[in-house]
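J.:
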Amino acid sequence: MYLNHEQLTFHLTSLKKNLKKSIFPSVWKDVGVEVGVHIKDSNYHASEVLAKPQMRGLLARRLRIHMVGAFLVSLGVAALYKFGVAEPRKKAYTDFYKNYSPQKDFEEMKKAGIFRSIK
Numbered sequence: 131m132y133l134n135h136e137q138l139t140f141h142l143t144s145l146k147k148n149l150k151k152s153i154f155p156s157v158w159k160d161v162g163v164e165v166g167v168h169i170k171d172s173n174y175h176a177s178e179v180l181a182k183p184q185m186r187g188l189l190a191r192r193l194r195i196h197m198v199g200a201f202l203v204s205l206g207v208a209a210l211y212k213f214g215v216a217e218p219r220k221k222a223y224t225d226f227y228k229n230y231s232p233q234k235d236f237e238e239m240k241k242a243g244i245f246r247s248i249k
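All residue numbers for the sequence shown refer to my numbering, where the first residue is 131 and numbers rise by one.
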């Protein structure tokens, strides 16, 4: 939000009045330092107070979140593999061996001349 000089002055003074009324004077001294003004292309820009970044326990918290996500993704991939690959493969083997006759298969290979030592 870009403001001209008059608007910026009005907003900053009203902000200071409201903060002084609602916050203890000892705290106001610390907060007043964080309210600043940035200049860009001769227009004034009011900055907002930023929250402090979390520094302690950040890695542990992010790892916990990512480990849960990785576990859920791996469960999903395992379920997709089981029902998309393994189960159809088991069914195909079962159907093949249900009607499979090794003796009939041997006779067909013998007739085709695959075995040289057998006539």
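Where a beta carbon is used, it is the ideal one built from N, C-alpha and C, also for glycine. All values derive from a computational prediction rather than experimental measurement.
(1) Do residue 241 and residue 248 come within 8 Å of each other at the CB atom, strictly closer than that value?
(2) Using the Cα positions of residue 136 and residue 144, report the straight-line distance between them to the nearest angstrom.
(3) In whole angstroms, what separates the C-alpha of residue 193 from that of residue 234?
(4) Taking residue 202 as part of the alpha helix (DSSP H), name the residues at either end of that continuous run.
(5) Suppose you measure from the CA of residue 207 to the CA of residue 189; what does that come to, to the nearest Å?
T.: With the structure as the only source:
(1) no
(2) 12 Å
(3) 60 Å
(4) 188 to 211
(5) 26 Å
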